[in-house]
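Take a look at the structure set out below.
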Amino acid sequence: MAKPMYAFIKRARVWSTGYQGYIWRGLLLVLLANSLVFAARLPIQFNVFFQQMNQQFGPTRLPVARSWQTMLVQTQNKSEQQKILIVNDFFARNLRYRTDIQLWQQKDYWATPLETLGKGLGDCEDYAIAKYISLRALGIDDNKLRLIYVKAQIGGPRSNRSQAHMVLGYFVTPNAQPMILDSLITKVLPAAKRTDLSPVFSFNSQGLWANNSTKSVANPTARLSRWRRILEQTQREGVMW
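Under this note's numbering, the first residue of the sequence shown carries the number 86, and numbering increases by one thereafter.
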């Protein structure tokens with residue numbers, strides 16, 4: 086809690102008797118409640134985001150950036166389950182799939198939400214990262230979200246072929262099986278119904294986990310240079326980690 090809040094509490098104690106005391110205590114409770122709400126959300130400075138979007142991709146891409154902001158504002162008071170579905174649907178409607186070679190002329194490039202929305206295109210990592218940041222901005226705790234690197238089975242249920250893939254997992258509780266937000270399908274399904282996916286490792290802004298372990302094994306920014314770039318670049322684009 087910041088020093089101004091401590092100063093406010095100290096003043097509230099002085100006025101803690103009589104009718105004025107009730108007023109001060111009421112205001113204190115409101116401010117404390119608001120500080121908890123805002124602390125849970127990942128703030129985004131949209132004036133910075135829009136400016137960067139205009140500079141990098143031109144004014145024609147500003148409407149989709151504003152629609153992202155509108156979606157976040159309109160969704161902030163929904164339940165977590167509704168937030169998951171709305172965010173997943175937003176990116177399914179506003180993005181088309183393209184490989185990194187097609188988009189960036191690189192084998193593996195992780196794009197920021199600004200880059201992804203600016204192009205209107207992305208691959209699995211780009212979808213997952215954009216959804217992760219959106220849900221953090223909507224106040225879903227980091228402990229409930231993980232970007233999951235998986236091996237995705239291709240060629241049908243009897244196939245032995247797989248390819249590297251990334252999805253976003255939402256955990257209602259730490260030990261629950263995650264709900265999977267995927268760029269391959271539009272439905273959000275529990276992990277038990279995604280038998281085509283084999284988890285390898287997962288991460289968020291706080292930790293990195295091997296396979297299905299419950300204990301973080303490393304600092305994600307130290308081990309994942311592409312993730313470190315995302316955190317640094319998004320900060321310059323208005324995301325306040």
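Each residue gets a CB set at the ideal place from its N, CA and C atoms; glycine is no exception. If you're wondering where the values come from, they're calculated on a predicted model, not measured in any experiment.
Per DSSP, cross-strand counterpart(s) of residue i
i: Lys236; result: Ala249, Ser283
i: Gly207; result: Tyr182
i: Gly254; result: Arg231, Ile265
Closest Cα partner of residue i within the set the options
i: Ile233; options: Arg279, Gly143, Ile129; result: Arg279
i: Ser152; options: Phe131, Thr306, Gly143, Glu165; result: Phe131
i: Ala237; options: Cys209, Pro259, Leu220, Ile169; result: Cys209
i: Gln291; options: Pro284, Ala261, Ser298, Thr306; result: Thr306
i: Lys204; options: Asp193, Lys192, Thr184; result: Thr184
i: Gln154; options: Pro144, Ile129, Gln262; result: Ile129
i: Asp267; options: Gly207, Ala150, Thr145; result: Gly207
i: Ala146; options: Thr201, Arg178, Gln187, Ile214; result: In the sequence as displayed, the identity of residue 146 is Arg instead of Ala. The option with the nearest alpha carbon to Arg146 is Thr201.
i: Ile218; options: Gly254, Tyr194, Leu188; result: Gly254
i: Leu180; options: Asp281, Val235, Ala213, Gln137; result: Ala213
i: Phe256; options: Ile225, Arg311, Gln137; result: Ile225
i: His250; options: Gly241, Asn228, Val235, Asn260; result: Val235
Pairwise C-alpha distance: residue j and residue i
i: Thr197; j: Asp211; result: 7 Å
i: Lys78; j: Thr160; result: An answer regarding residue 78 cannot be provided, because it is not within the stretch 86 to 326 covered by the chain.
i: Asn296; j: Ser287; result: 7 Å
i: Leu116; j: Ala125; result: Annotation note: pLDDT 41 at Leu116 (below 50); position unreliable, no value reported.
i: Asn173; j: Lys216; result: 7 Å
i: Glu317; j: Met325; result: 10 Å
i: Leu127; j: Arg246; result: 38 Å
i: Gln262; j: Ala277; result: 7 Å
i: Thr258; j: Glu165; result: 12 Å
i: Ile239; j: Gln248; result: 7 Å
i: Asn119; j: Ile186; result: Interpretation of Asn119 is limited by its pLDDT of 39, a score under 50 that renders its predicted location unreliable; no figure is taken from the coordinates.
i: Leu309; j: Glu322; result: 20 Å
i: Lys300; j: Met156; result: 34 Å
i: Gln136; j: Trp294; result: 36 Å
i: Arg313; j: Arg243; result: 37 Å
i: Val302; j: Arg231; result: 14 Å
i: Ala222; j: Gly241; result: 36 Å
Start-to-end residues for the beta strand (DSSP E) that takes in residue i
i: Leu269; result: Here Leu269 belongs to no beta strand (DSSP E), and DSSP marks it neither H nor E.
i: Trp294; result: 293–295
Per-residue DSSP class, three states only, for residue i
i: Leu230; result: strand
i: Pro259; result: coil
i: Val302; result: coil
i: Val324; result: strand
i: Lys188; result: It should be pointed out that residue 188 corresponds to Leu in this sequence rather than to Lys. Helix.
i: Leu309; result: coil
i: Pro327; result: Residue 327 lies beyond the range of the chain shown here (86 to 326); nothing can be said about it.
i: Trp195; result: coil
Range covered by the alpha helix (DSSP H) that runs through residue i
i: Gly203; result: 198–204
i: Ala177; result: 165–179
i: Val133; result: 131–142
i: Thr155; result: 147–160
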